[in-house]
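Student: The structure under discussion is supplied below as structure tokens; questions concerning it will follow.
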Amino acid sequence: MEKLIIDTDPGVDDAQAILMAAGHANAKISAILVVGGNVGMKHTLRNSLTLVEMVEQEIPVYPGCAKPLVIFQEDAAFVHGTDGLGDAGFVPKVRQPEAEHAALALIRMANEAPNDYTLVAIGPLTNIAVALKLDPTLPTKLKRFVVMGGAVTAHGNTSNVSAEFNIYHDPEAAHVVFEAWGQQGKLIELVDWEATVRHSISQEVMQRWLALDTPKSRFFEAISERTIEFINKKYGRREMFAADPLAMAVALEPDIVTKAQQRHVSIELTGMYTRGQTTVDWGQRNGRSPNTNIILELNRDRFFTLMEQGLR
Numbered sequence: 001m002e003k004l005i006i007d008t009d010p011g012v013d014d015a016q017a018i019l020m021a022a023g024h025a026n027a028k029i030s031a032i033l034v035v036g037g038n039v040g041m042k043h044t045l046r047n048s049l050t051l052v053e054m055v056e057q058e059i060p061v062y063p064g065c066a067k068p069l070v071i072f073q074e075d076a077a078f079v080h081g082t083d084g085l086g087d088a089g090f091v092p093k094v095r096q097p098e099a100e101h102a103a104l105a106l107i108r109m110a111n112e113a114p115n116d117y118t119l120v121a122i123g124p125l126t127n128i129a130v131a132l133k134l135d136p137t138l139p140t141k142l143k144r145f146v147v148m149g150g151a152v153t154a155h156g157n158t159s160n161v162s163a164e165f166n167i168y169h170d171p172e173a174a175h176v177v178f179e180a181w182g183q184q185g186k187l188i189e190l191v192d193w194e195a196t197v198r199h200s201i202s203q204e205v206m207q208r209w210l211a212l213d214t215p216k217s218r219f220f221e222a223i224s225e226r227t228i229e230f231i232n233k234k235y236g237r238r239e240m241f242a243a244d245p246l247a248m249a250v251a252l253e254p255d256i257v258t259k260a261q262q263r264h265v266s267i268e269l270t271g272m273y274t275r276g277q278t279t280v281d282w283g284q285r286n287g288r289s290p291n292t293n294i295i296l297e298l299n300r301d302r303f304f305t306l307m308e309q310g311l312r
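Counted from 1, the sequence shown has number 121 at position 121 by full-length UniProt numbering; the numbering is strictly sequential.
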């Protein structure tokens with residue numbers, strides 16, 4: 001049983017990832033930690049509560065950091081809608097957030113049950129960076145740490161063209177996190193934007209999911225319409241890029257990975273054109289031990305099956 005702590009900024013693909021995790025027979029979502037990112041904290045917190053109601057599970061939701069550590073870069077409302085869920089009008093009915101801050105909840109849970117939890121970060125890494133400043137030994141107390149972030153050969157998706165959104169939104173936080181994991185001799189399992197593009201979801205596959213005609217599949221259709229339209233206009237492809245579900249698939253079933261490489265990853269903080277870039281020592285020339293297992297390929301059919309299961 002994978003006990004998951006999910007740090008998230010819902011976000012359409014965050015919602016898809018949470019549905020996937022909630023629908024997996026061998027997983028339990030133990031907590032949702034909320035961060036500002038795709039849209040503001042007011043929306044990401046509300047969306048997290050909506051998702052907990054949608055999956056009908058007792059999952060505590062902890063509000064965290066509303067802003068990056070240093071500088072606000074940009075959000076992704078132009079992709080996800082102003083409210084983060086495609087402006088489809090979903091709001092929680094009764095669920096309320098916990099009083100405890102997300103960073104403190106993460107520290108508490110990791111110390112109460114060392115090596116029990118897999119942490120899955122599918123938003124900016126601000127909450128986790130704050131937790132590390134309070135407890136630098138945190139990496140040694142987690143079973144695994146899966147991150148959706150980065151663009152390992154600089155094919156990014158932000159206004160800084162070599163950077164990916166989750167890292168670019170708070171590069172200082174990402175720097176703290178990647179350095180801390182390396183210092184503790186632990187590996188981050190990284191699913192980057194480029195892997196997401198390689199594992200895109202065709203219109204035919206999506207239509208098969210929508211044909212399920214369940215409450216979750218109808219929710220998926222409603223929140224995804226705007227994102228699919230954006231991808232079609234931006235990339236000329238009637239497909240879906242499901243970044244966060246791809247990372248969640250790795251968290252749920254490690255054996256789904258068919259190709260990966262361990263390398264040292266650093267975060268660029270100062271470049272005029274490269275701030276937020278995930279810089280990979282592909283040639284292993286800097287003498288630093290790997291801090292990251294970079295996921296390159298997954299079993300695509302199994303990934304699609306996991307997404308479909310989450311919509312049943």
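Glycine is no exception: its CB is placed at the ideal position from the N, C-alpha and C atoms. Predicted model only: the values in this text are computed from it and were never measured.
Let me check one thing: in DSSP terms, what residues is residue 261 bridge-paired to?
Tutor: Residue 261 is bridged to 294.
Student: Could you tell me if residue 208 is buried or exposed, where buried requires 16 or more neighbouring beta carbons within 10 angstroms of its beta carbon?
Tutor: Classification of residue 208: exposed, given that the 10 Å Cβ count is below 16.
Student: Taking the beta carbon of residue 117 as the centre, do at least 16 other beta carbons fall within 10 Å, making it buried, or is it exposed?
Tutor: Looking at its Cβ environment, which holds 16 or more other Cβ atoms inside 10 Å, residue 117 is buried.
Student: What distance in whole Å lies between the Cβ atoms of residue 192 and residue 123, which are believed to be in contact at a cut-off of 8 Å?
Tutor: With 8 Å as the limit, residue 123 and residue 192 do not qualify as a contact, their Cβ atoms being about 15 Å apart.
Student: Can you tell which of 240, 31 and 44 has its C-alpha closest to the C-alpha of residue 58?
Tutor: Of the candidates 240, 31 and 44, the one whose C-alpha sits nearest the C-alpha of residue 58 is 31.
Student: Determine the contact status of residue 52 and residue 39, defining contact as a CB-CB distance below 8 Å.
Tutor: Cβ atoms of residue 52 and residue 39: not closer than 8 Å.
Student: Can you tell me whether residue 238 is buried or exposed, with buried defined as 16 or more other CB within 10 angstroms of its CB?
Tutor: Per the 10 Å Cβ criterion, exposed.
Student: Residue 248 lies in the alpha helix (DSSP H); which residues open and close that run?
Tutor: Note, residue 248: alpha helix (DSSP H), 243-252.
Student: What first and last residue would you give for the alpha helix (DSSP H) that runs through residue 307?
Tutor: Run containing residue 307: 300-309, per the alpha helix (DSSP H) assignment.
Student: Does residue 216 pass the burial test, meaning 16 or more other C-beta atoms within 10 Å, or should it be called exposed?
Tutor: Buried.
Student: Pull up the distance between the alpha-carbon of residue 182 and that of residue 93, whole angstroms please.
Tutor: Spanning the two alpha carbons is a distance of roughly 42 Å.
Student: Please specify which runs of the alpha helix (DSSP H), each continuous and at least 4 residues long, are wholly inside the segment 30-73, giving them in chain order.
Tutor: Correct list: 41-55.
Student: Could you have a look at residue 278 and say whether DSSP puts it in helix, strand or coil?
Tutor: In this structure, residue 278 counts as strand in the three-state DSSP scheme.
Student: Please state the DSSP three-state secondary structure of residue 318.
Tutor: Given that the chain is displayed from residue 1 to residue 312, the structure contains no residue 318 and the question cannot be resolved.
Student: Kindly identify the DSSP beta-bridge partner or partners of residue 117.
Tutor: Residue 117 pairs with 3.
Student: Ignoring anything shorter than 4 residues, give me the alpha helix (DSSP H) runs that lie fully in the segment 87-155, in order along the chain.
Tutor: Listed in chain order, the complete alpha helix (DSSP H) runs (minimum 4 residues) inside the segment 87-155 are 102-112 and 126-134.
Student: What separation, rounded to the nearest whole angstrom, lies between the Cα atoms of residue 253 and residue 114?
Tutor: Roughly 21 Å separates the two Cα atoms.
Student: Is the number of C-beta pairs between the segment 241-261 and the segment 190-205 that are closer than 8 Å three or more?
Tutor: Counting Cβ pairs under 8 Å, three or more are found: they touch.
Student: To which residues of the same chain is residue 132 closer than 7 Å at the C-beta, ignoring the five residues directly before and after it?
Tutor: Closer than 7 Å at Cβ, skipping near neighbours: 138, 176, 177 and 180.
Student: Assuming the contact rule is C-beta atoms closer than 8 Å, residue 126 and residue 35 should be a hit. Round their C-beta distance to whole Å, please.
Tutor: Their Cβ separation, rounded to whole angstroms, is 5 Å, which keeps residue 126 and residue 35 in contact under 8 Å.
Student: Please classify residue 272: does DSSP put it in a helix, a strand, or coil?
Tutor: The answer is coil: DSSP assigns residue 272 none of H, G, I, E or B.
Student: Among 293, 230, 283 and 284, whose alpha-carbon lies nearest the alpha-carbon of residue 261?
Tutor: Cα-wise, what sits closest to residue 261 is 293.
Student: Would you check if the distance between the CB atom of residue 63 and the CB atom of residue 97 is smaller than 8 Å?
Tutor: Against a cut-off of 8 Å, the Cβ pair of residue 97 and residue 63 comes out as a contact.
Student: If you reduce the DSSP assignment to three classes, tell me which class residue 17 lands in.
Tutor: Reduced to three states, the DSSP call for residue 17 is helix.
Student: Can you list, in chain order, the residues of its chain whose CB lies under 7 Å from that of residue 225, leaving out five sequence neighbours each side?
Tutor: Counting only Cβ-Cβ distances below 7 Å, and skipping sequence neighbours, we find 86.
Student: So, for residue 107: in the same chain, excluding its five sequence neighbours on each side, which residues have a beta-carbon less than 7 Å away from its beta-carbon?
Tutor: Within the same chain, residue 107 has close Cβ partners 131, 134, 135 and 138.
Student: For residue 205, report the span of its alpha helix (DSSP H) as first-last.
Tutor: 203-210 is the span of the alpha helix (DSSP H), which, as asked, contains residue 205.
Student: Starting from residue 239, follow its DSSP beta bridges and name the residues at the other end.
Tutor: Answer is 202.
Student: Counting contacts by CB-CB distance shorter than 8 Å, is residue 159 in contact with chain B?
Tutor: In the structure shown, chain B does not exist; there is a single protein chain.
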